[in-house]
Amino acid sequence: MFGISYWFLPAFSGCVWLGTLLGMLGGWVANGEPQYPWMDGQTIAFISHVGATYWGKPLFIAGSATAQVAFVLSFISERWLRHRGRLTHNYTTAEKALSVCASIFAVIGACGLILLTIFDTRRYPPVHEAMLAVFIAGYIISAIFICAEYQRLGIFYREYRILRASFWIKLTFIIVEIALAIAFGVTQYRTADNSAAIIEWIIALMYIFYTWSFIIDFLPATRTKHKDHRFPPVRAADDEMAMNTQHQGSMTNGPVYSSGGHYGDTESHGSQQPMQQGERAGPSQNF
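Each residue of the sequence shown is one higher than the one before, counting from 1 in the UniProt record's numbering.
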């Protein structure tokens with residue numbers, strides 16, 4: 001992609017969001033940690049409080065919009081790379097559906113974040129709070145869908161540990177973010193605004209690590225630019241047929257002929273692994 005690998009998208013998105021948060025927090029501290037009129041007497045500012053100032057709002061809007069566009073492009077790129085064989089193919093239609101749902105809710109979450117920066121807490125508090133809920137819910141639901149996709153991919157492609165690692169990272173994010181979101185809601189309900197503000201900053205920082213977790217998802221694509229190095233397509237129906245054939249062979253003590261679910265221009269060992277050019281097949285294990 002323009003000479004830059006796809007892992008740059010989540011890396012760039014996370015760095016922009018980190019820079020936005022540090023710029024807003026640093027600006028508030030540099031100004032003497034002021035208590036704005038819309039802070040209702042609390043001493044620790046919410047991100048939204050800083051984002052409602054004359055200097056914070058442009059930074060909040062620009063940083064959020066840039067980070068979200070790059071992150072949404074990460075979801076779209078992931079779907080495209082799997083389709084092209086640059087990443088492991090989705091094994092079943094269910095995984096494709098999970099990927100699409102994850103992308104849709106990521107777009108919803110991104111829209112929620114961008115809109116809450118526009119409708120600031122100073123002038124539009126009800127809309128701002130609603131968009132905050134959309135942002136948090138959108139990305140948590142998106143993470144659940146993509147976590148489910150990677151869990152299924154990890155089952156079908158056990159030889160690729162990177163899928164398992166990505167699954168556990170995203171699952172950790174889901175658990176931690178849900179716990180923090182509950183704590184945020186409870187502290188706000190009890191009007192412990194300073195505690196709620198601290199939790200909000202933590203949630204925002206945790207989101208950066210979730211964004212960066214997509215870097216490892218794109219790493220295999222750095223080695224599959226050439227068509228000869230791409231993942232061969234799979235068909236689940238073929239593997240089901242292969243399993244039935246294996247079962248029938250076991251029942252009759254006869255030979256089994258199966259090449260698994262991969263199909264393409266390369267030969268196969270019968271275990272869903274393509275043979276490299278010049279490699280010779282080993283002796284059959286069926287006799």
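A virtual CB, placed ideally from N, CA and C, is assigned to each residue, including glycine. Note that the structure is a prediction, hence the values are computed from the model and not measured.
Is it buried or exposed for residue i, if we count other Cβ within 10 angstroms and need 16 for buried?
| i | result |
| --- | --- |
| Leu-18 | buried |
| Gly-264 | Because Gly-264 carries a pLDDT of 45, less than 50, the predicted location of this residue cannot be relied on, and the following value inherits that uncertainty. So Gly-264 counts as exposed. |
| Glu-159 | exposed |
| Ile-136 | buried |
| Glu-149 | buried |
| Glu-177 | buried |
| Ala-30 | exposed |
| Thr-43 | exposed |
| Val-186 | exposed |
| residue 305 | The structure shown does not extend to residue 305, since the chain spans only 1 to 287, so no value can be given for it. |
| Tyr-210 | buried |
| Thr-88 | buried |
| Leu-113 | buried |
| Gly-51 | buried |
| Asp-40 | exposed |
| Tyr-257 | Legend: pLDDT at Tyr-257 = 43, less than 50; position of this residue unreliable, value from coordinates given subsequently. Tyr-257 should be labelled exposed. |
| Ala-242 | Note that Ala-242 has pLDDT 45, beneath the 50 cutoff, so the model's placement of it is unreliable and the number below is only indicative. With 16 or more other Cβ atoms within 10 Å, it is buried. |
| Leu-205 | exposed |
| Arg-82 | buried |
| residue 314 | No answer is possible for residue 314: the residues shown for the chain start at 1 and end at 287. |
| Gly-138 | buried |
| Ile-182 | exposed |
| Ile-199 | buried |
| Trp-28 | buried |
Look at residue i and residue j and say whether their C-beta atoms are less than 8 Å apart.
| i | j | result |
| --- | --- | --- |
| Thr-20 | Ala-67 | yes |
| Trp-201 | Ile-61 | no |
| Phe-71 | Ser-166 | no |
| Ile-174 | Ile-144 | yes |
| Leu-59 | Gly-32 | no |
| Ile-155 | Ala-102 | no |
| Thr-224 | Arg-122 | no |
| Val-208 | Leu-180 | Rather than Val, the amino acid found at residue 208 in this sequence is Ile. In this structure, Leu-180 does not lie closer than 8 Å to Ile-208 by Cβ. |
| Glu-99 | Arg-79 | At residue 99 the sequence reads Ser, which differs from the Glu that was named. Cβ atoms of Ser-99 and Arg-79: closer than 8 Å. |
| Ala-45 | Ala-197 | yes |
What whole-angstrom Cβ distance do residue i and residue j have, given they're in contact under 8 Å?
| i | j | result |
| --- | --- | --- |
| Ala-221 | Ser-5 | 7 Å |
| Ser-142 | Gly-109 | 6 Å |
| Leu-163 | Leu-153 | 5 Å |
| Trp-7 | Ile-215 | 5 Å |
| Trp-212 | Ala-11 | 7 Å |
Under 8 Å, Cβ to Cβ, is there at least one residue of chain D near residue i?
| i | result |
| --- | --- |
| Ser-48 | Among the chains of the structure shown, chain D does not appear; only one protein chain is present. |
With a threshold of 7 Å, establish whether the CB of residue i neighbours any heavy atom of the ligand GDP.
| i | result |
| --- | --- |
| Met-206 | The ligand GDP is not among the ligands present in this structure, which contains no ligands whatsoever. |
**Study point:** Cβ contact check for the segment 124-141 and the segment 82-97: 3 or more pairs under 8 Å
**Key:** no
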